[in-house]
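Counted the way my numbering counts, the sequence shown spans residues 1 to 445.
Read through the structure below, which is laid out as C-alpha cells, and then see the notes.
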Amino acid sequence: MMLPVKEFSNFIDENNLFKPQDAILLALSGGMDSVLLVHLFKAAGFNFGLAHCNFQLRAQESINDQLFCEELAHKMEVPIYIKKFDTLLFASQQKISTQMAARNLRYQWFEETRVQHNYSAIALAHHQNDAIETILLNLIRGTGIAGMHGILPKNGNLIRPLLFLTRDEIKQLIDSNRLAFVEDSSNSSTKYARNKIRLEIVPKLKELNPQIEQTFEDNLKHFKNLELLLNNTVEALKKELFTQFEDTVKIPISKVKILEPLPLLLYNLLKEYGFNQTTVNNLISSLSKHPGKIFESAGYQLITDRESLIIIKKDQAGILSQKINQNDHTISYGNYKIGIIREDSPLIVKNNPLSVSIDSEKLIYPLTLRTWQRGDFFHPLGMKERKKLSDFFINQKIDQNKKSRIPLLVNANNEIIWIVGYRLDDRYKVTDKTKKVSIFEFMKF
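What follows is the structure, given as C-alpha cells:
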C-alpha cells in the first residue's frame, strides 16, 4: 500500500493548513501516528524539522523513544530539537496533574521552538479517532456546542494534517510500508479517561456502527456550521442588547424574554462572565418575579433590576460562593478551574495538595465553594475532635489576607468537607467501606 501523498496534500490545501514553501515543525513522539506524519511530509517534499519532548516519566522507555526519534531525524536528514523536562517537579510546583503538566510544557516549548527557528506552524499527529474521543470526553464532562466540533484541523499555529485518516488506516499504512515506530506502554492503561474511551467505549460503538469514523466526520461538519451560526447570532445580540458602563453591563429584560431559544442564547450571552447553564436556568425562572435577585459567578454578580439585568464585576478578594451540582464535571471559581471525576472504585489521590478523593455517598448536593467565615469548624483528617478553622489557620501560620482567599468545599448540610490545599475533614475520607469516590482537582489559571 502506497503512502496517501495526494490525499494528504489535498487535505492540507482544502483546510489551508500551510503553503508548500512553508517550513513546518513536526511534533514527534516516536509513536505510530507521528512516525507516519514524518514519512508523509518527506514523501510530499515539504520542508520540515522535528521536535521531541522527553518527559522523563517512563525511565528507560523515555530514553529509547528519544534515541529512536534522533535516528529517524538522521535518516530523514532533517533537524531535530530535543527537550528534557522534569515533569513531576513542574506538576508539583504548579499543583497540577502530571498529564496537565506535560501538556503545558510541550505546547509552550513547541511554540518557543517554532519562533526561535522560524517555522510557520506546528504539526500534530491527531487523527479522526482522536476527534471522536475528544467529542465523547466533552459529552461526558458536559459541554456546549463548541465541544462538539472535536479537534480542528487548524487552531492558530497548530495544524493537524492527519485528520483525514482513522487509527485503523494509519496502522495499515504503517504495517504495509514496514515503518518502524515505538509503543508508549501508558497507551494500554485505562486509568486515563481518554484511553478508557479508546480501548473500551469506541469498540462497542463500532459494533453498532462499523463506519463510526465516517459518521462522526460528517457530524463534525454540521456541528462546526451550527457553532458558526450560533456565534454570529450571539455577537449580533450583544451589539443590540448590551450597554456598557465601565465595569457594569445592562441588558433590557423585555428583550431577553423574547429570545428564542432563550436558555441557549442567554447562556451564550452570559458565559464569558462565568455563569453556568444551571445559573442561567435559575435566572430565567426569576425573570417574571420580584426584582433584586442576585446571581453570582466567580468574578461577577448579576442583579435582576426592574427593567434590566445588571452585571457587575466584583472584587476577587471578597467572599465568593459557587454551587456545585451533581452533574457538574468542570466549574470555575475565582482563579481556579475545578475538575470533578466520579469513580466506582476507592481511588485515593496522593502527592497533590490541590486534589482530593472523597467518599461519594457522604456528599449531599448541591455542594458549595466559599471562603472562610467566622465560626467555621471541621474535623481535621486523623482527628475525631472538631477544630475551629481560625485555630487551624493560626497553627498553619496562615495570615488574615491569605485565609480569606482559601476555598472551602462545603456539603449541603453545611459541614466543611475540605480546606482546599490543606486538609480533608476526617468524616469524608475514603475507607475500606467506600464504594464510590468523587475526585476534585483544582487547577490555577
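By construction, the Cβ of each residue, glycine as well, lies at the ideal position given by its N, Cα and C atoms.
Under the three-state reduction of DSSP, residue 369 is assigned to strand. DSSP places residue 343 in no alpha helix (DSSP H) but in the uninterrupted beta strand (DSSP E) bounded by 336-343. The shortest C-alpha to C-alpha distance from residue 121 to any of 153, 27, 157 is the one to 157.
Around the beta-carbon of residue 348, fewer than 16 other beta-carbon atoms lie within 10 Å, marking it exposed. The beta carbons of residue 182 and residue 31 sit about 7 Å from each other, so the pair counts as a contact at 8 Å. A straight-line Cα-Cα distance of about 13 Å links residue 296 and residue 272. Note that the segment 101-113 does not touch the segment 38-47; fewer than 3 beta-carbon pairs, one per stretch, sit closer than 8 Å. Annotated as distal: residue 166 and residue 209, with beta-carbon spacing of 8 Å or more.
Within the DSSP secondary-structure output, residue 382 pairs in no beta bridge. Taking a cut-off of 8 Å for Cβ pairs, the segment 365-372 and the segment 319-329 touch, as three or more such pairs fall below it. Bounds of the alpha helix (DSSP H) holding residue 222 are 212-241. Non-local beta-carbon contacts of residue 53 in its own chain, meaning distances under 6 Å to residues more than five positions away in sequence, involve 83, 106 in chain order.
In chain order, 325 place their CB closer than 6 Å to the CB of residue 278, counting only its own chain and leaving out the 5 sequence neighbours on each side.
With a threshold of 16 other beta carbon atoms within 10 Å, residue 245 falls short and is exposed. Where residue 294 is concerned, the enclosing beta strand (DSSP E) starts and stops at 294-296. Taking 8 Å as the cut-off, the beta carbon of residue 162 is found closer than this to the beta carbon of residue 125.
Here residue 363 is not near residue 426, since their CB atoms are 8 Å or more apart. For residue 300, the enclosing beta strand (DSSP E) starts and ends at 300-304.
Relative to residue 177, the option among 226, 73, 3, 112 whose CA is nearest is 3. Residue range 32-44 is occupied by the alpha helix (DSSP H) that includes residue 40. Looking from the CA of residue 69, the closest CA among 408, 260, 27 belongs to 27. Of the residues 423, 443, 394, the one whose Cα lies closest to the Cα of residue 408 is 423.
The C-alpha of residue 274 is placed about 28 Å away from the C-alpha of residue 219. Just measuring C-alpha positions, the residue of 33, 391, 389 sitting nearest residue 171 is 33. Taking 8 Å as the cut-off, the beta carbon of residue 412 is found closer than this to the beta carbon of residue 365. In the DSSP secondary-structure assignment, residue 424 is bridged to 418. For the beta strand (DSSP E) assignment, the uninterrupted runs of no fewer than 3 residues enclosed by the segment 35-114 are, from N- to C-terminal side, 47-54, 80-84.
The segment 342-357 makes contact with the segment 425-443, as at least three CB pairs between them are under 8 Å. The residues 312, in chain order, have a CB closer than 6 Å to that of residue 248 in the same chain once the five nearest residues on each side in sequence are set aside.
Per DSSP, residue 441 is one residue of the beta strand (DSSP E) stretching across 437-444.
Contact check for residue 133 against residue 198 passes: the beta carbons are separated by less than 8 Å.
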